[in-house]
Structure formats: C-alpha cells, structure tokens
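Undergrad: Would you mind keeping the following structure in view while I ask a few things?
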Ligand SMILES: Nc1ncnc2c1ncn2[C@@H]1O[C@H](COP(=O)(O)OP(=O)(O)O)[C@@H](O)[C@H]1O
Ligand SMILES: Nc1ncnc2c1ncn2[C@@H]1O[C@H](COP(=O)(O)OP(=O)(O)O)[C@@H](O)[C@H]1O
Ligand SMILES: [Mg+2]
Ligand SMILES: [Mg+2]
Ligand SMILES: [Mg+2]
Ligand SMILES: [Mg+2]
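Chains as they are written, first to last, in the numbering used here: chain A, -7 to 322; chain B, -7 to 322; chain C, 132 to 351; chain D, 132 to 351.
Structure follows, in structure tokens:
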C-alpha cells in the first residue's frame, strides 16, 4: 500500500486539482474536462497570456502561481509526466490574449514535445504562440547530455518576472526575448539526503546511506551523478554557491531562491539561507532579493535547491511588482 | 549522523533564526541575545501587543506569523522544548504596548510554566499581561489527561483573528476574552503515516508499518493513542470531519485549516481539502474560509491535521482583515 | 480497394478507415517491435488512436462532401486522445494533410504540401533528424516521393509511390542505431530492428490503397 | 553563622551565599533524589542557579546598603539562567522576597509577605496544590510559620522557624505519591522518597542560619 494519502494513485492529481480550485475559487477556475487551471484575476493590461505546465508532484508549481501578476493558466500532467498536448492546446485557447500566448516550458523531452504539438495546433488555428525554455539546472550542464540542462527552480523566478512584464503590456516577441535572457542568467543546484516516496511502491525511489548525499539531483527523484559524504551545512552551501557563482559570474545584484524539495524543514531552509547570505556578503555579491520555502518540489524528497538569478535594476523592478497567487503574494 | 541539514544539532535553531531574520529583514528584527523576533511593521493602532512562542520544529509557527496584522513578537525554544521564561519576559518587555501584552500559549506544561513565570516577572515590572490558552486538539480530549487538550492547528487561526482584533484597538481584557472564546470554538484532529526524523538519532521517532496510520497525533512526534489500518482518503477524512463536527456542533459558518505536518505533499493536502469541502457541503455546513498548506508542522512528520473553527460574521470580518507576515499574507 | 483518378470525401474517409484496420491487423507485431526497441506500447497507442478516429468518422454528418473532414477528424483523434510520443505526432501529420486538402482540394499537390508541412512540424516539435531512427526516416522519403510526383498524377498513384518510399525508409531504420526517443538508451541492442513509429508511417500511406495485414513483405 | 536582631544588606548577601554553599554541599544527594523520582538534573539545576547568583552578588557595587539587592540578584540569576522547572520557580520566590524587602525593609513581616506572595506566584504558574509532592509542600508550611511569627520577632528567628516547618513539609513529601511534574509518571515507585524541589526549599530557609552540609538529619 502506497504511503500517500489518496483515494487511489490515479485519483490523487485530479482530486488535488478539485480541492485546489475549491480552496482558491477567488483566484482560479478549473476546467476538469481538459485539465487546466485558468486565472480569474489576470490584469486587463496584458496583451499576451502566460501559460506553463508540466508533471504534477512539483507543487506549488505551477498551479500555485496562477493569478494576478504571474500565470494566466497552468496545465498539470500526471505525477512526473508531461501534460498532454490537448491540455496545453485547450488551456492556451482559453487563456490567449489579443497577441497570443507565451509557453513557459521546463526543458524535458516530454514537455518540449507536448508543448510543441500544442503550439503547432495553435498555429493552425491562427493563435500566435511562442516559447521560453527554462534550463537552469547546473548539474545537467554536461557535454554528455544531449537534451541539455534540465529546468528547475529558476522557473519560479522567471514566471514571476515575466508575469510582471506581461502586465506592463509587452508583446509576444518581447516577452520571449526577456524570458530567454532570464533563463540564460539563472542557475540552480540541488542536493538530497533521501529520495521521494515512489507513488507506485510506497518505498523510497532510491536507497541512500545515512552518511551520504546526492549532489546535483533533479526534481523527478532521479539520482544525481554524484553521491558525496555528508558534511556540515556551511561547507555544503559553500560548494554549491561557488559552483553557481562560477557559472553565472554575476556583475550586479542577484535574486536567490532557497527551495525545499518536499520533506526538508523550514528550519533547515532558513539555515541554508543564512549560510548563503554570509557567503555572498563575503564575496561582495549583492543579495538583493530572496525567497525561502517550498516553491518547486519533488513530492516528498528530502533535499533543497539553491537558485541564483543575475538581476539588474529592470529585473528587480519587475520582481518587486505586486503578485497575488495561491503560493506567492506581495 | 542525523539526517537534518545543519552545522550541528545545537546550531540549527539559532542558525535558522539568523537566516529567517535576514530573509525577512523588512518584517522582523531578531534579538539574538534574548532569542526573540520582533515585528517591524505592527500597526500603531494597537494598544496591546500579541506575543506567542513555543518549541521550534513547528515552522512557520510562530516566527512566520510575526508582522502586520498578526504577532508583535515570537519566542522560539529549542526543538520541541518550551522557550525559556527569560525569552518570553524580554520579548514581552520589548513588544509591550501602552496596555500591555497578550500571551498566546499552546497548552503544554513547559510552555504554561515558562509563560507563567514571565507573566509574574512582568507583573513585578508593572507591565499588564494576560494569557489566551489554546487547547484545540480533540485527540487529547479525555478525562484521563489531567493536563487537558493540547494546543495545535487552531493556534494559527486564532493568532490571525486576534491580530486583526488587536489592530482595531481592543484592550487587554477584551482580547483575552475574544481569544478564549475562539479557543473554545476550535477543534483539530491529526493523523500521520510516518513519524518525524528524531534530531538526535536521524531515525524515525517511532516505527509504523506500511498499512498503518497513527490517528490523533500531536505536533511533537508522540504516538497517537490509536493506531488504525490505512483506508482510502474519503473514509479517513469523513471520520475526522464527523468527530470535529460532533465536538463543535457549529451553527454558523466554519473556517477550516488543512495543515501539513511536514513531509506530506500539497497534492495530498488539496485532496484532503476537496474531501472536507464535499462532506461539509453534504451536511449543510458553510465552509466560509479555508487555508491549505504547511502552517504548523512537526519537523518532517508525514501527516496532516484538520482544524475547524466555528465562526460568525464578526470573526469572518477579523479573519479577512489584511495580514502581511512571512508565512501568511492577504 | 478503391482506385480513382481524383479523391473525394468518400476516398479520404475510406483511407482513414483502412488505416485503422491496418493498425489492428498488425498490432501484435507492432507491440513486439516496440518491446524490442522501446517500451512496448506503440501497438496500443496506434490502435487507440485508430479507434478514436473511427468514432469521430462515424460522427461526421452523413453525406458530408468535405474531403478534408475525415482527415481533420482523424487528426483531432490522434492529437487529443492518444498518449505517448507517436500518437500526437501522427496527429500533427494528419492535421497538416487536412489543412492542405482544405486549402487546395484532395489533390496530389495538396498531399505533397500536407506531408511536407507535417514533417516540418514533427521535426520542429520532436527535434529528430533523418538517421535518428524515428518515424522521420519513413516520412522524409515519403514527402520527397510526393513532391517528385507530377502535378497531374492521380492521388492514389502518388500515395502508392509515397508508401513505397516510406517502406524503403522503414527498412533503412533497421540498419540505424537510435539517437532519439526511448530506444536511444539501448545502443547496439536496437540494431537490426526497424523503428515501430516508422512502420506506422508505412501503414498510413499503404492504407490509401488497401488494408495491410502482412508486414513481413514490407520489412523485408 | 550570623545572628542579629535585624537584617541588613550584609545579612541578605550572606544568606544567599550560604544558600549557594548548601547547594554545592548537598549536590550529590540532590542528584540522587531526582534520579529516584525525576530525571536526575535537580542537583545540577540548583547549583547552576547558585553559581549564577554568586556571580551576580560579586558584581553588586561594594558597600551597597540595599538589603533587597542580594535577593534581587539571586532572583534574576535563577529566573534568567536556569533551565528545568525548579530554577525559575525558585527565582519567582526570591523575586517576591526582594520586592517585599524593597517595600518594607528586611523585616519578619516583609519575609512573611514575600514568601506568601512567592508561593502564590508558584502556584499560579505551576498549578500544583499541597499534597502534589512538589516544592509547594515545603513552601506552604514555611509561609504559614512566617505569618504566625509575631511582628517584632528578629528575622533570623522567624526564618529558623520557617526552616523547621519546611523540613517538616519535606519529610511529608516522602509519604506522598506525586501528581505533578515528572515524578507523577512513576506512581508508587516514588513513595518513600522526599521531593528534591522541596528539599531545595528547606535548604533555602536553613541557609539563613548557616550552611547545610548534612541532609540526613533533616530528611529524618
Ligand atoms: N523526437 C522524436 N521525433 C519523431 N519521432 C519520435 C521521436 N521520439 C520518438 N519518436 C517515434 O515514436 C515512436 C514510439 O512511439 P510510442 O511508443 O507511442 O511513444 P513512447 O516512446 O512515448 O512510448 C518511435 O518508434 C519513434 O518513431
Ligand atoms: N508544577 C509544579 N509546581 C511546583 N513545583 C514543581 C512543579 N513541577 C515540578 N516541580 C518541582 O520541581 C522539581 C524538579 O525540578 P527540576 O529537576 O529542576 O525540573 P525538571 O522536572 O524539569 O527536571 C520537583 O522536585 C518539584 O519540586
Ligand atoms: Mg513506446
Ligand atoms: Mg510509452
Ligand atoms: Mg529534574
Ligand atoms: Mg529536567
């Protein structure tokens, strides 16, 4: 018997969507037939709708980011599985503004294909559509991996910033250009001390000894390329921060996301944030903004990720713009 | 080696507080010597300060609720241990308004004694002080338990509502009366499918077979009085809801809190919420407001709690008033 | 088997129905191919799409004379109701065919244009190039054959040429090592086995002439 | 041992210093009592408070003539620097004593008032009643003894009477089954053993006269 609280493993995602739509009826509507969530509060100033989606199991991503100042629609697939192109197509038709719809897609083959098919269908219907591909995961930055870096924590920050940009009335090409620029300025690293519970077996998705850490995990419970011995938090965060700074070489302020992958506690996340802030201070990097909490998860994986986005004044201004969704508000 | 990400087990709470204060420097200041957090944004209209506290390990409670419209100060103890009376005393002195300070205390012997000692000290200093005792846990409602019901999920709702009431300029006795009335109208039940990781051993705090559930757990990883076989979610939530409604017999609208105890996923919590809403609809109970998420945790326990508060128009109005803290905003 | 010098709604409807029959007739064989180079669900995915297409064909208004309608119905069925990678890709191909037919009528030129557009869409979406051991390896020669057919050629004859070219492409995939999709993880072990998605493309074009029940003659 | 007909700052300072010495002299025995009925840390908690009090006494300005100051210093030490249940409860008692002395001088009447207030605070905070096998069982008779002492009695004599009454209370706890605090979980197993917190109260009052090194005479 699986250890998830559910009626059946097939029912969990649709049941959760129903409950989500009920809890946030002021913010979203659910189309249960096509399986997408639509914002009820998107700004009238938008000329282009923002739509994202991907496998379930990463909540609050993406459903939690539908609402004013962020996404117009979200299409959740089954757990860790791409949404069907039909969901994306139907959600895009429902959300599209006068100048079309921008797809924010995390770089996974299934997601690329299904969003791509939806985009082809939209083109047949005459609905303008463009894509921003998020590929911020530093651990998959390797010549061996033909499919490219995975999309992870950066998605949250980029969806926020693009939401604010869409509210200012930018057009499709401008939003795509901004999103692509943001993706290039964003890198993430994740570690885990225990795997998520596999929905099918109720057992940990992979074994990991007490003294070991997976260094460079993704958000689907796949093992990392490196298993390393545990070390005190300051050393671990220093290693991650150094790698991120080396990859990004930020010249201006940075925005940080210290993200829980599911079962890690807020105590630990805030301790990570403290170490990160101390390290950035010491290196003279301006930690201008930060989010600490569970923003993009991998079911109940026991781990965390650190994302840095090299910002500038314009990006900070967009980041600071008001947002009101189930999971992000200011 | 413990499975928490930390520098050492003694350092986790102080490190987390430092990181929290850094991440939310716009909302709180930390007094590291005395170990309390103080709001930077409390409304000037308040005549009485609201202070809460308790063992760490329940984050975002209470630190996450310091800020405009909720707490003026929070005093976290070590993990699952009462704060020292000195923290409460010093925090109260720093926070107190013209008409004193209200202590919101969860009903545990250690917390009662330490908040009580602080109150005696405040009286010696001439600072008016009163207490609201939260004892909403239905599972500990038994003639055998001389110490009375434990304080759990209701704390979050009551701190929110009292915060709004304090902002309207109520006096100490009025706030105490309101808080006591709210506590009487609030009940919680919690279940778990796996214990939290014991900080000292890195092992689950108690064993639980795959097919079993602890029915009626608290927030300190103590076992429940009942171990029951797992069942589909709708049956489980129905059992919990029936017990809560029997205890409260609400005649008007209710406010619900569907709360994760740590490692349970948002998917599961929203599925719980969907079941709860369906049951309340069927019984003609008006589910007027709801919160779904991790609001009061037990480290990384795999479980959830359901809280119902029997509201009325006045309580709903206070609940709806704006709040801006690290963990609760509208 | 129908042979006519020009296509109409009856012809495109018959083509799609025969495609469904061919999928069912070869399902076991398709499953076993995908078991050898993939995850074994290609047969199920293709027949699921075929059945969904039949349901939609049956719902078209009787006596409908729009030759694009059956293609459009099949396209929507594959796009909307099939999981996996191949189903929606077949949907894209059928959608382009339907669009071209809707624009220029059910002519050889429209088929050439539709298949060319469909191939381009599939490549945009799936990022596979010829030689990657995917259905692109059957679709590319089929599109070339159609474009090479003189404009006046009857559509059935043009589609027969496309089928021949597609089967040739299918046979070429048996010699390839996969680079895209699931079978790319198998390396050498997939050599010698034709790509199931490519076989599906062969079935599509061949079904314009008649139902395919025997794959062996085509896989050679 | 000092005996004087009226207390001053030297007397209260000496009292607190002797209390610290008594705690150290009996620490091992206190530890073993708390091991039998509690978690074994009472001896450590009491000496930690005593040492913190000594540090604060040493920091008082030399020649300070305020008799409440040593009591206040000890109160803050126990309130602020000791964990566990008993430390801060002793702090509450000392705080009430200091407040009464600050109000009415170091008189018998002030001590009676301070101990009575301190007991009330401890009961408000800890919810224990007489008979629950806690330090309340030593403090209650001590407060009664002080209140029964005529107003003109020298403070040392009044405190000696309080000590006698406290020790009587301590001996009574050996016959009780615990209802509050940790030892309540032990049921019958704690019978026959006096409550360590109550012993601490005996030590406090007895230290007004002199350092206690031998507990056995008092535990009887
Ligand atoms: N990126 C791609 N581009 C084009 N065709 C592809 C691609 N990836 C896989 N295919 C085709 O899909 C076929 C497998 O389809 P199917 O079994 O339905 O999908 P899945 O691999 O998801 O189980 C392969 O034989 C191949 O022809
Ligand atoms: N509720 C209470 N009220 C008054 N005194 C109490 C109470 N609970 C415990 N005590 C006293 O505290 C003593 C134990 O103190 P100590 O060992 O410092 O605390 P802990 O039990 O936390 O380890 C007991 O012997 C008893 O006299
Ligand atoms: Mg397959
Ligand atoms: Mg498959
Ligand atoms: Mg003890
Ligand atoms: Mg102790």
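Glycine included, C-beta positions come from ideal geometry on N, C-alpha and C.
Compare the Cα-Cα distances from residue 268(A) to each of 241(A), 289(A), 227(A) and 302(A) and report the closest residue.
TA: For the purposes of this step, residue 268(A) is identified with residue 276 of the first chain, where counting begins at 1. Nearest C-alpha to residue 268(A): 227(A).
Undergrad: Relative to the C-alpha of residue 273(B), which candidate in 296(B), 245(B), 290(B) and 308(B) has its C-alpha closest?
TA: Mapped onto the second chain, residue 273(B) falls at position 281. Answer by Cα proximity: 245(B).
Undergrad: Just to check my reading of the structure: residue 253(B) and residue 296(B) have Cβ atoms closer than 8 Å, yes? What is that Cβ distance to the nearest angstrom?
TA: As a working note, residue 253(B) is residue 261 in the second chain. As a working note, residue 296(B) is residue 304 in the second chain. Yes, residue 253(B) and residue 296(B) are in contact; Cβ-Cβ is about 6 Å, under 8 Å.
Undergrad: For the beta strand (DSSP E) that residue 28(B) lies in, which residues bound it at each end?
TA: As a working note, residue 28(B) is residue 36 in the second chain. Start and end: 28 to 31.
Undergrad: Who are the neighbours of residue 25(B) on chain D, taking C-beta pairs under 9 Å?
TA: On the second chain, residue 25(B) is found 33 positions in, with the first residue counted as 1. Those within 9 Å of residue 25(B) in chain D number zero; the least Cβ separation is about 11 Å.
Undergrad: Please list the partners that residue 264(B) has in chain A, where partner means a Cβ-to-Cβ separation under 8 Å.
TA: Your numbering for residue 264(B) matches position 272 in the second chain. Those are -3 and 11, listed as they occur along chain A.
Undergrad: Hey, how far is the Cα of residue 66(B) from the Cα of residue 55(B)?
TA: Looking up residue 66(B) in the second chain gives position 74. Looking up residue 55(B) in the second chain gives position 63. Their Cα atoms are separated by approximately 6 Å.
Undergrad: For residue 251(A), list the residues DSSP reports as bridge partners.
TA: Locating residue 251(A) in the first chain gives position 259, counting from the first residue. Answer is 285(A) and 297(A).
Undergrad: Checking contacts by CB at 8 Å: is residue 307(C) closer than that to chain A?
TA: The residue given as residue 307(C) occupies position 176 in the third chain. Not one chain A Cβ lies under 8 Å of residue 307(C).
Undergrad: Do residue 174(B) and residue 150(B) have their CB atoms nearer than 8 Å?
TA: Counting from one through the second chain, the residue named residue 174(B) turns up at place 182. Counting from one through the second chain, the residue named residue 150(B) turns up at place 158. Cβ atoms of residue 174(B) and residue 150(B): closer than 8 Å.
Undergrad: For residue 116(B) and chain D, any beta-carbon pair shorter than 8 Å?
TA: Translated into positions along the second chain, residue 116(B) becomes position 124. So yes, residue 116(B) belongs to the interface.
Undergrad: Considering only heavy atoms of ligand 6, list every residue whose Cβ is less than 5 Å from one of them, following chain order.
TA: In chain order, the qualifying residues are 170(D), 172(D) and 215(D).
Undergrad: Counting along the chain, where does the alpha helix (DSSP H) carrying residue 211(A) start and finish?
TA: Residue 211(A) sits at position 219 when you count from the first residue of the first chain. That residue, residue 211(A), is in no alpha helix (DSSP H); it is neither H nor E in DSSP.
Undergrad: Do we get a CB-CB distance below 8 Å when we pair residue 353(C) with the residues of chain A?
TA: Any property of residue 353(C) remains undetermined from this structure, which presents chain C solely from 132 to 351.
Undergrad: What residues match up with residue 126(B) in a beta bridge as DSSP calls it?
TA: For the purposes of this step, residue 126(B) is identified with residue 134 of the second chain, where counting begins at 1. Looking at the DSSP assignment, residue 126(B) forms a beta bridge with 98(B).
Undergrad: Using Cβ-Cβ distances below 7 Å, what residues of the stretch 132 to 144 of chain A are close to chain C?
TA: Residues: none.
Undergrad: Could you tell me whether any non-hydrogen atom of ligand 2 is closer than 7 Å to the CB of residue 308(A)?
TA: Taking the first chain and counting its residues from 1, one reaches residue 308(A) at position 316. No; taking the cut-off as 7 Å, the Cβ of residue 308(A) has no heavy atom of ligand 2 nearer than that.
Undergrad: State yes or no: is the C-beta of residue 326(C) nearer than 7 Å to some heavy atom of ligand 3?
TA: The residue given as residue 326(C) occupies position 195 in the third chain. Residue 326(C) Cβ: outside cutoff for every heavy atom of ligand 3.
Undergrad: Give me the residue from 100(B), 38(B), 133(B) and 87(B) with the minimum Cα distance to residue 161(B).
TA: Mapped onto the second chain, residue 161(B) falls at position 169. With distances taken between Cα atoms, residue 161(B) lies closest to 38(B).
Undergrad: So which residues on chain A does residue 278(C) lean against when the C-beta distance must stay under 8 Å?
TA: Within the third chain, numbered from 1, the residue matching residue 278(C) stands at position 147. Going along chain A, no residue has its Cβ under 8 Å from residue 278(C), so there is no contact; the nearest lies around 21 Å.
Undergrad: Would the beta-carbon of residue 102(B) fall within 8 Å of that of residue 74(B)?
TA: For the purposes of this step, residue 102(B) is taken as the residue at position 110 of the second chain. For the purposes of this step, residue 74(B) is taken as the residue at position 82 of the second chain. Contact flag set, yes.
Undergrad: For residue 256(C), return the contacting residues in chain A, with the cut-off set at a CB-CB distance below 7 Å.
TA: Along the third chain, one-based indexing puts residue 256(C) at 125. Ordered by position in chain A, the residues that pass the 7 Å Cβ test against residue 256(C) are 105, 108, 109 and 112.
Undergrad: Pair every Cβ in the stretch 272 to 291 of chain B with every Cβ in the stretch 233 to 245 of chain B, then say whether three or more of these pairs are closer than 8 Å.
TA: Short answer: they touch.
Undergrad: Please work out which residues of its chain come closer than 6 Å, Cβ to Cβ, to residue 243(C), disregarding the five sequence neighbours upstream and downstream, and give them in chain order.
TA: Position 112 of the third chain, counted from the first residue, corresponds to residue 243(C). Correct list, in chain order: 277 and 278.
Undergrad: DSSP three-state label for residue 342(C), please.
TA: As a first step, residue 342(C) must be located in the third chain, where it is residue number 211. Note: residue 342(C) maps to coil in three-state DSSP.
Undergrad: For residue 281(C) versus residue 143(C), is the C-beta distance shorter than 8 Å?
TA: Sequence index remark: in the third chain, residue 281(C) carries index 150 (1-based). Sequence index remark: in the third chain, residue 143(C) carries index 12 (1-based). Not closer than 8 Å, so no.
Undergrad: Within 8 Å (strictly less), CB to CB, does residue 290(C) reach chain A?
TA: Counting from one through the third chain, the residue named residue 290(C) turns up at place 159. Residue 290(C) does not count as touching chain A.
Undergrad: Are residue 46(B) and residue 301(B) closer than 8 Å when you measure CB to CB?
TA: Position 54 of the second chain, counting from 1, holds the residue named residue 46(B). Position 309 of the second chain, counting from 1, holds the residue named residue 301(B). Against a cut-off of 8 Å, the Cβ pair of residue 301(B) and residue 46(B) comes out as no contact.
Undergrad: Rounded to whole angstroms, what's the CA-CA distance from residue 2(B) to residue 292(B)? Just pull it up for me.
TA: Position 10 of the second chain, counting from 1, holds the residue named residue 2(B). Position 300 of the second chain, counting from 1, holds the residue named residue 292(B). Each residue's Cα considered, the two are about 18 Å apart.
Undergrad: Under 7 Å between beta-carbons, which chain D residues line up against residue 77(B)? List them in chain order, please.
TA: The residue given as residue 77(B) occupies position 85 in the second chain. Per Cβ cutoff of 7 Å: 210 and 219.
Undergrad: For residue 283(B), which option in 247(B), 255(B) and 92(B) has the closest C-alpha, if you only look at C-alpha atoms?
TA: Along the second chain, one-based indexing puts residue 283(B) at 291. Closest by alpha carbon: 247(B).
Undergrad: Assign residue 306(C) to buried or exposed, taking buried as 16 or more other Cβ atoms, counted over all protein chains shown, within 10 Å of its Cβ.
TA: Counting from 1 along the third chain, the entry for residue 306(C) is found at position 175. Result: exposed.
Undergrad: In the DSSP output, what is residue 114(A) paired with across the bridge?
TA: One-based indexing of the first chain puts residue 114(A) at position 122. For residue 114(A), which the question treats as bridged, DSSP gives no partner whatsoever.
Undergrad: Any heavy atom of ligand 1 within a distance shorter than 7 Å of the CB on residue 211(C)?
TA: Start at 1 with the first residue of the third chain, and residue 211(C) comes out as number 80. Checking the Cβ of residue 211(C) against ligand 1 gives no.
Undergrad: Three or more C-beta pairs under 8 Å: does that hold for the stretch 335 to 347 of chain C against the stretch 179 to 192 of chain D?
TA: No, they do not touch.
Undergrad: Check the DSSP bridge columns for residue 44(A) and list the partner residues they point to.
TA: Residue mapping note: residue 44(A) aligns to position 52 of the first chain, counting from 1. The partner list for residue 44(A) (beta bridge, DSSP) reads 66(A) and 96(A).
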